[in-house]
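So the structure is just underneath, and the comments pick up after that.
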Amino acid sequence: MRNGRRFRSRAAMGAGLWVLLLAVACSGGASPTAPPAPPGDVLLVILDTTRADHLSSYGYSEITTPNLDRLAGDGTRYSNAWSQAPWTLPAVATILTGEPPYQHGAGRHEGATFPIRDDIPTLAERLQVTGYRTGAFINVIWCSPELSSLDRGFDRYDFATSDASNVGQRSAEETTTAAIDWIDEIGSDPAFLVVHYFDPHLSYDPPAPYDGQFGGGLGRRVPPGFGSAGQVFGVRGGQIRLDERERKALVARYDGELAYTDAQFGRLRSELEARGRWDDALVVVVADHGEEFWDHGGFEHGHSHHRELLRVPLIVKRPGDPGGTVAPERVRQLEIAPTVLSFAGLDSTLPGFVLGQGSAAEAIAEGSLWSGDLYSIRTDAGTLMMRRSTGDTSFYAADDPGEFQSGSVDPAMPGLQERLDAIPRPRVQAPSEMTDEQRARLKSLGYL
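Start counting the sequence shown at 1459; every next residue gets the next number (our numbering).
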């Protein structure tokens, strides 16, 4: 069993002041009228390390995600959705604040880890004011309260780690159980429920029968518990070379993790349906980032801005949706917070728009796990990647969707590099205080 710890919210002074001002604003500043009553629950599911093209509803050759496919049939599947960062902390911070990484400040810069800034309100803080009960069930050390400050505004911020040699997780089954227990605790109160499923992340070790669902005997080619420091360092750095059969075995186990996670999402849905908390709920499922399996010569995530790391699944179900819609417009994680706030009857001045009411002219991503100076921009003209410290750039034209043929920027489409140059440096405050245990855990997989 994976052990968990629970933390209460620790709102910073700046965030507390923001909540007070919002409460005054909701009352009009004069007669103290109540904010609009919540119209229904909000369920936000964050899938860790899930590349869009491995979901069956996104065209994958295997049936990995029947329950998410069913959700897509009930709502809208966004086929052109993009993350704002190739690793967890800045991406999840964008999802939970609606701000780009340079604005919310969470990430790694110059060897230190930074939380979201005190003056950046979270979705939970905004919704709490309107009467929502707020609960999050989080399973990755980067999003611990100490390192991220993402617990602000949550009545329950249930953060769990394990004793395993991993960055910290509990199983999707345990996570689902904890989330449903909390739903039962709050009774009929409206809920903002965030469920983070970590399982698709290394070590690609799904339980039976998912461990052999897509590879059969292939799975035996990978050592049990793949994901130890030595193995990941070796594979990532090229010192350990895997043959084609071994690589396929890893992918099969990754797909097994997706299938297991999908089954637990299906269980979560069934439990909410049984409690009458599904039909009137806004449901959003999104990934923080993807995963590379040697698409561009690399392995895992955090290191590049290619599409296998930044294109993410995004599926949204609103009450009364006709269902079965595939939306081709370019959208970003930045659109999630405005969509949730709109559902709750709250206005937003965030940079994103309400999903279904626009298309993003560009999708920008910032940073990497080991360096803050990697930037990219995706437009109709193509994708430009730039390392700011050296000025090195790579451009991939729109007719090269796999991003394999780097060339020069089309002179007819000026301004892409200038757009990246104009992105401000991250606005950060004091770095997070990391415990020896956290540092050791992150070092064990090469994250520090």
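Using N, Cα and C, we set each Cβ at its ideal position, and we do this for glycine too.
Buried versus exposed, by CB contacts within 10 Å (16 or more), GLU1891: Label assigned to GLU1891: exposed.
Alpha carbon of GLN1586 to alpha carbon of LEU1529, nearest angstrom: If I take the Cα positions, the gap works out to 27 Å.
Between the CA atoms of ARG1610 and ARG1584 - distance to the nearest angstrom: ARG1584 and ARG1610 have their alpha carbons spaced roughly 10 Å apart.
Span separating the alpha-carbon of GLU1907 from that of GLU1820: This structure gives no information on residue 1907, because the portion of the chain shown stretches from 1459 to 1906.
Residue-chain proximity (GLY1782, chain B), Cβ-Cβ < 9 Å: The structure shown has no chain B; it contains just one protein chain.
Status (buried if at least 16 other CB within 10 Å, exposed otherwise) for SER1728: A residue is called buried once 16 or more other Cβ atoms fall within 10 Å of its Cβ, and SER1728, having fewer, is exposed.
With 16 other Cβ atoms within 10 Å as the buried cut-off, status of VAL1784: Residue environment: VAL1784 is assigned as exposed (fewer than 16 neighbouring CB atoms within 10 Å of its CB, all protein chains considered).
Backbone CA spacing between ALA1622 and GLY1873 [nearest angstrom]: Residue placement at ALA1622 cannot be trusted, given a pLDDT of 44 that sits under 50; what the coordinates show is reported in the next sentence. Pairing ALA1622 with GLY1873, the inter-Cα distance amounts to about 47 Å.
CB of THR1851 within 9 Å of CB of PHE1723, strictly: If you check the CB distance, THR1851 and PHE1723 do not come in under 9 Å.
Segments of 4+ residues assigned as alpha helix (DSSP H) that fall wholly inside the segment 1548–1604: Listed in chain order, the complete alpha helix (DSSP H) runs (minimum 4 residues) inside the segment 1548–1604 are 1559–1562, 1581–1587.
Cβ neighbour criterion (16 or more within 10 Å) applied to GLU1861: With 16 or more other Cβ atoms inside 10 Å of its own Cβ, GLU1861 counts as buried.
Cβ-based burial, LEU1663 [other Cβ within 10 Å; buried from 16]: First, the residue type needs correcting, since residue 1663 is Asp and not Leu in the sequence shown. The residue in question, ASP1663, is buried, as its Cβ has 16 or more Cβ neighbours within 10 Å.
Completely contained beta strand (DSSP E) runs for the segment 1635–1671, where each covers 3 or more residues: Correct list: 1649–1655.
Classification of ASP1753 by the beta-carbon crowding that lies within 10 angstroms, buried from 16 upward: The residue in question, ASP1753, is buried, as its Cβ has 16 or more Cβ neighbours within 10 Å.
DSSP-derived helix/strand/coil call for GLU1793: Here GLU1793 sits in helix by DSSP.
DSSP beta-bridge partners of MET1843: Beta-bridge pairing links MET1843 to SER1834, SER1852.
CB of VAL1503 within 9 Å of CB of ALA1802, strictly: Remark: C-beta atoms of VAL1503 and ALA1802 do not approach each other more closely than 9 Å.
Own chain residues within Cβ distance below 6 Å of HIS1654, not counting five before or after: Here the set comprises ILE1504, ILE1596, ASN1597.
Cutoff 7 Å; reference ASP1647; Cβ partners in own chain excluding five residues on either side: So the qualifying residues of the chain are ARG1591.
Extent of the continuous beta strand (DSSP E) to which THR1719 belongs: No beta strand (DSSP E) contains THR1719, which is instead part of the alpha helix (DSSP H) from 1702–1732.
ILE1835 and LEU1842 closer than 9 Å at C-beta: Taking 9 Å as the cut-off, the Cβ atoms of ILE1835 and LEU1842 count as close.
Whether ALA1549 touches SER1541 by CB criterion (9 Å): Yes; because the gap between Cβ atoms is below 9 Å, this pair is in contact.
Top-ranked residue by Cα proximity to LEU1768, from SER1519, GLN1561, SER1847, PRO1859: Comparing alpha carbon positions, the residue from SER1519, GLN1561, SER1847, PRO1859 closest to LEU1768 is PRO1859.
Whole-angstrom distance between ALA1495 and ARG1845, CA atom to CA atom: Cα-Cα distance, rounded: 47 Å.
Same chain, Cβ closer than 7 Å to GLY1756, five either side skipped, listed in chain order: The answer, listed in chain order, is GLU1750, SER1762.
Member of LEU1772, LEU1808, TRP1736, TYR1518 whose CA lies at the smallest distance from the CA of GLY1778: Closest in alpha carbon position to GLY1778, among LEU1772, LEU1808, TRP1736, TYR1518, is TRP1736.
Cβ-Cβ separation, GLY1556 to GLY1810 (assumed contact under 8 Å), whole Å: For GLY1810 against GLY1556, the beta-carbon gap comes to about 6 Å, under 8 Å, which counts as contact.
GLY1695 classed as buried or exposed, judged by whether at least 16 other C-beta atoms fall within 10 angstroms: Exposed, because fewer than 16 other Cβ atoms sit within 10 Å of the Cβ of GLY1695.
Euclidean distance between Cα positions of GLU1715 and PRO1658: Taking the straight line joining both Cα atoms gives about 5 Å.
8 Å contact criterion, which SER1515 and ARG1535 should meet: CB distance rounded: Rounded, the Cβ-Cβ distance is 6 Å, consistent with contact.
Beta-carbon gap between LEU1772 and VAL1743 smaller than 9 Å: Between LEU1772 and VAL1743, the C-beta gap is smaller than 9 Å, which places the two residues in contact.
Cβ-based burial, PRO1796 [other Cβ within 10 Å; buried from 16]: PRO1796 is classed as buried because its beta carbon has at least 16 other beta carbons within 10 Å across all chains shown.
ASN1525 Cβ short of 8 Å to the ligand ATP heavy atom set: The model on display carries no ligand, and the ligand ATP is accordingly not part of it.
Whole-angstrom distance between ASP1805 and ILE1574, CA atom to CA atom: ASP1805 has its alpha-carbon roughly 22 Å from the corresponding atom of ILE1574.
Distance, LEU1651 Cα to GLY1533 Cα: Those two C-alpha atoms are separated by around 19 Å.
Proximity to ARG1790 [Cα-Cα], best of ASN1538, LEU1526, ILE1521, GLU1568: The alpha carbon of ARG1790 has as its nearest neighbour, out of ASN1538, LEU1526, ILE1521, GLU1568, the alpha carbon of ASN1538.
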